[in-house]
Amino acid sequence: MRFLLVEDNTELAEAVVQRLGLDGHSVDHAATLAAAEDCLAVAEYDLILLDVMLPDGDGRDFLARSRDKITTPVIVLTARSQISDRVGALDQGADDYITKPFDFSELEARCRAVLRRRGGSARNEVTLGAAVFDPMAGTLRVGDAVLDLRNRELRLLEVFARNPGQILSKSQLLDRLFSADAEVTENAIEVYVGRLRRKLDGAGVRIETVRGLGYRMSV
Amino acid sequence: MRVNLRKPWSIGRKLTLALAAIAALLALVSWGMITSFAREAAGRTQDNILAASATSIAETLRSEAGAVRLELPYAAFSMLGAISEDRVFYRVTAGAEVLTGYADLEGPGARPGEAQFATLPYRDTVVRAVSVMRVIGSGGEAVAITVTVAQTRAGVEGIAAGLSRQAGLVSLVVFAMAVGLSAFAVRASLRPLTVMAQSVAARGPSDLRPLRRPAPAELAPLVAALNRLMERLGGSIRRSEDFITEAAHRVRTPLAIVRVQAEIALHSVEEEAQKQTLRRVIRAVDESSRSAGQLLDHAMVSFRADDLERERVDLPGLVSGVAEALRPTAEMKDIDIALDLSPAAVLGDAILLQNALRNVLDNAIKYSPAETVVRVSVMTDGGEVRIAVSDEGPGFGEGPAAHLTERFTRGEKVQGIVGSGLGLTIAEEAVAAHGGRLDLRAAEGGGACVSLILPGV
Amino acid sequence: MCVVDFARSLRVAAGAAFLAVLAVGAVSAQGFEIEGRRLYPGTGEVVLRVISTADLEVFEPFVLRFQAANPGIGIDYVTASSAELNRAIRGGAAFDLALSSAMDLQFTLANDGLAQSYRSTVTDSLPDWARWRDQLFAFTAEPAVIVMNEAAFERLEVPRTRAELVTVLRDNPGRFAGRVGTYDPHTSGLGYLFATQEARASDAYWRLTEVMGRLDARLYCCSAQMIDDVASGQLALAYNVLGSYAAQRLDGDEGLAVLVLEDFANVMLRTALIPATAVEIEAAGRMLDALLREGLSQGAEPVLPPLRAGGPEESGADGSPFGPIRLGPALMVYLDRLNRESFLAAWDAAMEQ
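Here it is in structure tokens:
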């Protein structure tokens, strides 16, 4: 996906850009509202991540002003966590908000939810062999059958889809799916891989186990 | 912190007492004056009659064959007996010689023409005496005859006492009326204070708008000071809020940076031990962030609970809102949030209730295993409304569930899961402020069920 | 007012063996003359000493009645003339109650501070004119009347006013010469009081006095003698006699009649006072209350004419249209030395034919 990150803290912004890049997203960074307007004037984005406290104004005011011009979904980033702020932000035109520091899995989940609400565009679909996989909708079309993917299955598939032919260790997969979540073990990875295999059955997509190293998806 | 001071008297009471004291003083003074006037007037009446009596005696003086002749007129004494039962004494002297009467009666020194008055002791009592002098030619000489008539003062005292008693009665009545009217006037005058107090008390907890009621001149400084105070308070609150925002921002941005960097590192590092370290770093950041958030929430709850808003809150709407906000979080673990809502409403603070519910629901999601269901229901039972959140997690364990809501307590079965214990404490305080309670019990199937029970409307 | 003579008191003493009689006509240690004395012992220690101008004969029924009701109180009853009574009290003589018909003298005693105040429910119920300063109390109202010998007035029209009396007397000198009697104001206190009050009130008095003078009127000190002489026929009429004494004699057929003139009638109030030096105050108060009750016609047949009349025929203050002589300082006027001298001089002049 293509993100516009409006955030004045350069260090944080660079880290976020890098992190999102790991997941295969492209991110443009604007440090001020003015810069953001410039970006919006020249490019199209799938989602805007908007910080609230910017040097040249409150992000939410900017949002309220520009809501009719900007159709891109917006997730507001804030250091506060009150529901009232959330409600305020939503009232002013944001689609959702997330508090810093945030879990990227949660961010991804919220992005997904927002985009789903907005109507996922077809261009996000990914073709894997005979299966068509829509990350936004969270569906897998195999032939005529449309399978629902659960969140974790979905993210696992995404990881595989982004790294075709690459061997991914259980540990790596663990990090990408669950980051710091302590309760999840490598066993869970096996379970999810198993489920994916079943769902992809007949799509000409294989997830092979590379003994001692991990898994690899091949089309 | 309450300090027990001896309660000072109310202004109204002090004013009324002061006015009553003044009225009493005036009443006493006027009564005293009337009494002395009455005595004077009665005395003058007696004096006039005494003078008439002495004069009528003096007028019967005549010179006959070289001797002075006098014949007391009956009227001279009958007029004295007419007004009172006072004792009467008299003496007629020609120079030093006593012609008739009470020889030892020393009257005031007489002068020709004017009657002279004096109050003197005589025998065993005090009398009012008048002396009248008339010069008669007798035997070729001019003889100065002095007629002195005296009377005790019982009659005068009696009249004066009678008038004084009446005056006293009138004074008393006037005093009573004055006190009554004063009390009424005081109460009426102090009404603006009461009215103002009521209008301030009627305000909502966060209403810091300036007072705009017209107030009497004496209250203007107070109103101005109050408005300034509220302005300062409002400003102070805004600054506090700004400060909190600023603090939150300044604390959380670096935390965010740390977390992102740790995640980035986690992706590129190969060695398991390093990965573990990084995971711990991320968990620590998450815990601080969550703690900070909960501390802020708790502060907000305490603040808002002290002076509760009372608005009508639609619970199904509130519950759906909170559920929606947490749905992405739940989705990450493939946890489904199932809602079962019936119409219900309470009178209270929507923000507090959202906060409480969010904490409870967040807890439930946190402690539930992946791919389970968290159920949230709203129902009315008698006069109570119950919001129940149940999960399929490990439950509360053995031991009394009430213990869990004590600040910072965590249950037995929550090892390894990030989260401070404030969540349930916050919920309990919020619910208690509404006159409700938190109910913790085991759900069917072994999970936990936390219910927020509130008085319905 | 007049009092029993020596012989009479002996007669009474003989008749009342159980009563102790003391010497009569003696001058008491304090220097005033008494005319009679009788002791009525009581069962207790208290002896009430009463000095009075009222004849014992007249007053005894009251005294006995009082003692019957108050057996514990002994009574020492002394009679004296009004002048001597006055002198006694002025001299500080030891008496607990002084009763006198001389209103003016009693008044001066009270005025000069020689009486003490006394109040009771009975005294409070007295009319205003019967009480002065809660020190002087009137218990009878006795008019001055004319006592006439009926026989002497045969075939004569009974005069109704002084004017008519003057006419009758003047027109019948033969019948009345030397047969008219009245008080001698020089010697009789009551006579002087009646004379001065009447002279003040009625202009016919001096004419009457002149006529009486021309008729060679006989002068008396006392009512009793005057009445005796009218009864015996020596007098055709006695002028300004105390009706009370006459009333007693009317019951017998002595041929006496009482005449009350319509133009003016003096009403004398017999008064009581408790001297400042009194000792048995409580007993004195009781007797005073008893006297006043009789005066108010509350009780048995009163001894003397009461203050209020039971009916129009009875004598009493209400019976007279002129009202009683006022108790007040005006009574002192005629006691004044100069006034007395000039009145008596005028009276003498009128009496001289």
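Chains as they are written, first to last, in my numbering: chain A, 21 to 239; chain B, 914 to 1370; chain C, 313 to 665. Positions of the beta carbon are idealized from the N, C-alpha and C atoms, including for glycine.
- The C-beta of Trp922 of chain B has fewer than 16 other C-beta atoms within 10 Å across all chains shown, which makes the residue exposed.
- Under the Cβ distance rule, His1180 of chain B counts among the residues neighbouring chain A, one pair being separated by less than 8 Å.
- Ala208 of chain A has its alpha-carbon roughly 11 Å from the corresponding atom of Leu197 of chain A.
- Rounded to whole angstroms, the separation of the alpha carbons of Leu127 of chain A and Thr91 of chain A is 20 Å.
- In the DSSP annotation of this structure, Cys59 of chain A is not part of any beta strand (DSSP E); the continuous alpha helix (DSSP H) holding it starts and ends at Leu53 to Val62.
- Among the residues of the segment 1160-1172 of chain B, those with a Cβ less than 7 Å away from any Cβ of chain A are Ala1161, His1162, Arg1165, Thr1166, Leu1168, Ala1169, Ile1170 and Arg1172, in the order of the chain.
- Positions of the alpha helix (DSSP H) runs, each at least 4 residues long and wholly inside the segment 134-194 of chain A, are given as 171-182 in order along the chain.
- For the segment 643-657 of chain C, the set of residues with a beta-carbon nearer than 7 Å to any beta-carbon of chain B comprises Met644, Val645, Asp648, Arg649, Leu650, Asn651 and Ser654, in chain order.
- In terms of CA proximity to Met1213 of chain B, B:Ala1269 leads the group B:Ala1243, B:Ala1269 and B:Ser1202.
- Using a Cβ-Cβ distance cut-off of 8 Å, the segment 516-534 of chain C and the segment 444-459 of chain C are not in contact, since fewer than three pairs of beta carbons, one from each stretch, lie closer than that value.
- Interface residue (Cβ-Cβ distance to chain C less than 8 Å): Gly1071 of chain B is not classified as such.
- A Cβ-Cβ contact shorter than 8 Å links Asp1210 of chain B with Asn1272 of chain B.
- By a beta-carbon distance limit of 8 Å, Gln447 of chain C contacts Leu585 of chain C. Their separation comes to about 6 Å.
- Scanning the segment 954-1019 of chain B from its first residue to its last, the whole alpha helix (DSSP H) runs of 4-plus residues come out as 987-996.
- Under DSSP, Glu454 of chain C takes part in a beta bridge, and its partners are C:Met580.
- Among the residues of chain B, none has a CB under 9 Å from the CB of Val166 of chain A; the nearest is roughly 18 Å distant.
- The criterion of a C-beta distance shorter than 8 Å is not satisfied by Val1011 of chain B and Arg1000 of chain B.
- Relative to Val26 of chain A, the option among A:Gly214, A:Leu67 and A:Met156 whose CA is nearest is A:Leu67.
- Inclusion of Ala955 of chain B and Ile1072 of chain B in the CB contact set at 8 Å is warranted, their separation being smaller than that value.
- Leu573 of chain C places its beta carbon 8 Å or farther from that of Trp444 of chain C.
- A Cβ-Cβ distance of about 5 Å is found for the pair Gly493 of chain C and Leu547 of chain C, placing them in contact under the 8 Å criterion.
- Residues Gly1261 and Leu1367 of the same chain have their beta carbon placed closer than 6 Å to that of His1347 of chain B, with the five preceding and five following residues left out of the count.
- Arg1165 of chain B sits away from Lys219 of chain A, with the two beta carbons spaced by 8 Å or more.
- The beta carbons of Ala1277 of chain B and Val1370 of chain B sit about 26 Å from each other, so the pair does not count as a contact at 8 Å.
- Between the alpha carbons of Val1040 of chain B and Gly994 of chain B lies a distance of about 15 Å.
- As computed with DSSP, Asn461 of chain C is found in a beta bridge with C:Leu568.
- Nearest in C-alpha terms to Asp111 of chain A, of all of A:Lys89, A:Val134 and A:Ala84, is A:Ala84.
- Fewer than three beta-carbon pairs drawn from the segment 959-967 of chain B and the segment 1117-1134 of chain B are found closer than 8 Å, and the two stretches are therefore not classed as touching.
- For Leu1012 of chain B, a Cβ of chain C is located within less than 8 Å of the residue's own Cβ.
- Look at Met73 of chain A: its C-beta is under 8 Å from a C-beta on chain B.
- Taking a contact to require three or more Cβ pairs closer than 8 Å, the segment 411-422 of chain C and the segment 393-401 of chain C qualify as touching.
- When the beta-carbon positions are compared, Gly149 of chain A and Val239 of chain A come within less than 8 Å of each other.
- Distance from the CA atom of Thr1065 of chain B to the CA atom of Ile947 of chain B, rounded to whole angstroms, is 22 Å.
- Taking a beta-carbon distance threshold of 8 Å, Val1259 of chain B does not count as an interface residue toward chain A.
- The alpha helix (DSSP H) runs lying completely inside the segment 1056-1123 of chain B and spanning 4 residues or more are 1067-1114, given in chain order.
- For Asn552 of chain C, the enclosing beta strand (DSSP E) starts and ends at Leu549 to Leu554.
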